[in-house]
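Undergrad: This is the structure, below, for whatever I ask next.
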Amino acid sequence: MFRVIYEDENIIAVDKPPGVAVIPERKPDGSDIITELRRVRGPSVYAVHRLDKPVSGVLLVAKNRLFHRYLNKLFEERKVHKHYIAVVHGRVDQKRGTISAPIRRFGSGRMGVDFNRGKRSVTHFKVLAYGRECTMMALFPTTGRPHQLRVHLYHIGHPVVGDKMYGERATALIHDRTYLHCMRLKLPKPQGQDFYSFKSSVPPEFRAILRYL
70 MFRVIYEDEN
80 IIAVDKPPGV
90 AVIPERKPDG
100 SDIITELRRV
110 RGPSVYAVHR
120 LDKPVSGVLL
130 VAKNRLFHRY
140 LNKLFEERKV
150 HKHYIAVVHG
160 RVDQKRGTIS
170 APIRRFGSGR
180 MGVDFNRGKR
190 SVTHFKVLAY
200 GRECTMMALF
210 PTTGRPHQLR
220 VHLYHIGHPV
230 VGDKMYGERA
240 TALIHDRTYL
250 HCMRLKLPKP
260 QGQDFYSFKS
270 SVPPEFRAIL
280 RYL
């Protein structure tokens, strides 16, 4: 179901595939990351953060309550450096920039930009490559709102390729995945003497799609 990138007595870094949930869904079928890890390693496994089900890449899981609290605090204090890769529709002409657009929850689990009632949400970006009608981007979110990257890219008129919730659903259905991947997470170890740095390679289909889209 997934590959373990790194494991020690406190933490597991998983390379999450697209289409797999992190925690049990409303109709659990046992195919989520946490259920599978608990089946193999016992009940003391705790989700620290989320990757949306359609998103792939580095996912952190704590192996005890103490380290779970430590990791949660790092995310809350924005001490985790997050690096994502996305392929989006259209040509993003601005090579580098920042999307600062507050986000809140709307109906049906959908998030959206709301400059009056939304929570502060910031994403830095850099253009990496162009296809004929798409752009590969590096994304560096400094806040962690649900669906933040997908909402921000939709907001600027460049939805993630394959995203069935934020974008052209008819177009998304022809793609077999959502082209958003958590490539790297870097965070301080306890006592601040060193860093964890976990990396997942860019899936080959990300570069392949640039040749035909």
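Counting in the numbering used here, the sequence shown runs from 70 upward without gaps.
A virtual CB, placed ideally from N, CA and C, is assigned to each residue, including glycine.
Could you spell out the range, first to last residue, of the alpha helix (DSSP H) harbouring THR104?
TA: From DSSP, the alpha helix (DSSP H) with THR104 extends over 102-110.
Undergrad: Expressed to the nearest angstrom, what Euclidean distance is found between the alpha-carbon atoms of TYR281 and ILE92?
TA: Their backbone Cα atoms lie some 35 Å apart in a straight line.
Undergrad: Would you kindly report the start and end of the unbroken alpha helix (DSSP H) that includes PRO171?
TA: That residue, PRO171, is in no alpha helix (DSSP H); it is neither H nor E in DSSP.
Undergrad: Just how far apart, CA to CA, sit HIS227 and LEU140?
TA: Straight-line Cα distance between these residues: approximately 32 Å.
Undergrad: Measuring only the C-alpha atoms, how far is ARG219 from VAL229?
TA: Each residue's alpha carbon lies about 6 Å from the other.
Undergrad: In chain order, which beta strand (DSSP E) runs of at least 3 residues are fully inside the stretch 190-245?
TA: Here the runs fully enclosed are 191-199, 203-210.
Undergrad: Mapping DSSP to helix, strand and coil, what is LYS142?
TA: In the structure shown, LYS142 sits in a helix (DSSP, three-state: H, G or I).
Undergrad: So the alpha helix (DSSP H) LEU129 belongs to, where does it begin and stop?
TA: Premise fails: LEU129 lies in the beta strand (DSSP E), 125-131, not in any alpha helix (DSSP H).
Undergrad: Can you say whether MET70 is buried or exposed, counting buried as having 16 or more other CB atoms within 10 angstroms of its CB?
TA: That one is exposed.
Undergrad: Candidates PRO123, ILE74, HIS118: which alpha carbon is nearest ASP232's?
TA: For the residues PRO123, ILE74, HIS118, the minimum Cα distance to ASP232 belongs to PRO123.
Undergrad: On the CB-based measure, 16 or more other CB atoms within 10 Å of its CB, does PHE175 come out buried or exposed?
TA: Per the 10 Å Cβ criterion, exposed.
Undergrad: Per the DSSP calculation, LYS151 is bridged to which residue(s)?
TA: LYS151 is bridged to LEU254.
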